[in-house]
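Student: Counting from 1, one number per residue, gives the positions in the sequence shown under the working numbering. Have a look at this one.
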Amino acid sequence: MTDRVLVGRPLAAGGLTDEYDAAVVGSGAGGLTTAVCLARQGRRVAVFEQHYTAGGYTHAYRRRGWEWDVGIHYVGQLTEREPVRVLSDYLTGGTLQWAPLGDPYDEYRLAGRCTRRRSASRPIGPV
1 MTDRVLVGRP LAAGGLTDEY DAAVVGSGAG GLTTAVCLAR QGRRVAVFEQ HYTAGGYTHA
61 YRRRGWEWDV GIHYVGQLTE REPVRVLSDY LTGGTLQWAP LGDPYDEYRL AGRCTRRRSA
121 SRPIGPV
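Written as structure tokens, this is what we have:
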């Protein structure tokens, strides 16, 4: 996590002087995905966010020396032609690279029993 990097700039009164084809309220994964899709279709898009930085549930925060991420922990369906991969490639122009998470990629313990999930060699997370 970086130390409070601000993305964008605060909106001042009279700050919108250009015309836009679309306004997206909220800069979480859904809002940013919508904005990119519209922009890739040639639309002029304004994204508005009330928080001090964009990202919604993709944020992380620190408290008492611990770092917590509140959003996506891992992503599946990233082999070629799978829906998440097709959308990812469209949104990034194919420039985002994915790294395998390895096995087991998830493990939990309850009442002395250990359960593990395996990735079946699917890629996971941005490099």
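Where a beta carbon is used, it is the ideal one built from N, C-alpha and C, also for glycine.
State the start and end residues of the unbroken beta strand (DSSP E) segment that holds D103.
Tutor: Counting from one through the sequence shown, the residue named residue 103 turns up at place 103. No residue range can be given for D103, since it is assigned to no beta strand (DSSP E) and is classified by DSSP as neither H nor E.
Student: Might you give, ordered along the chain, the residues of its own chain that have their beta carbon closer than 8 Å to the beta carbon of W68, omitting 5 neighbours on each side?
Tutor: Counting from one through the sequence shown, the residue named residue 68 turns up at place 68. Apart from sequence neighbours up to five positions away, the residues of its chain that approach W68 with a beta-carbon distance below 8 Å are A60, Y61, R62, ordered along the chain.
Student: Quick one: is the Cβ of Q97 within less than 7 Å of any heavy atom of the ligand ADP?
Tutor: The ligand ADP is not part of the structure shown, which contains no ligands of any sort.
Student: Mind checking which residues open and close the alpha helix (DSSP H) that includes T34?
Tutor: Numbered from 1 along the sequence shown, position 34 holds the residue referred to as residue 34. Taken as a continuous stretch (DSSP letters only), the alpha helix (DSSP H) holding T34 covers 29-40.
Student: Mind checking which residues open and close the beta strand (DSSP E) that includes H52?
Tutor: As a position in the sequence shown, residue 52 is number 52, starting the count at 1. A quick correction: the sequence has Tyr, not His, at residue 52. No beta strand (DSSP E) contains Y52, which DSSP labels as neither H nor E.
Student: What residue range does the alpha helix (DSSP H) around Y90 cover?
Tutor: Taking the sequence shown and counting its residues from 1, one reaches residue 90 at position 90. Here the alpha helix (DSSP H) through Y90 covers 83-92.
Student: By a C-beta neighbour count over all protein chains shown, 10 Å radius and 16 as the cutoff for buried, is A35 buried or exposed?
Tutor: Walking along the sequence shown from the start, residue 35 turns up at place 35. Buried: at least 16 other Cβ atoms inside 10 Å.
Student: Just reading off the beta strand (DSSP E) that A22 is part of, what are its end residues?
Tutor: By one-based count along the sequence shown, residue 22 stands at place 22. A22 -> beta strand (DSSP E) spans 22-25.
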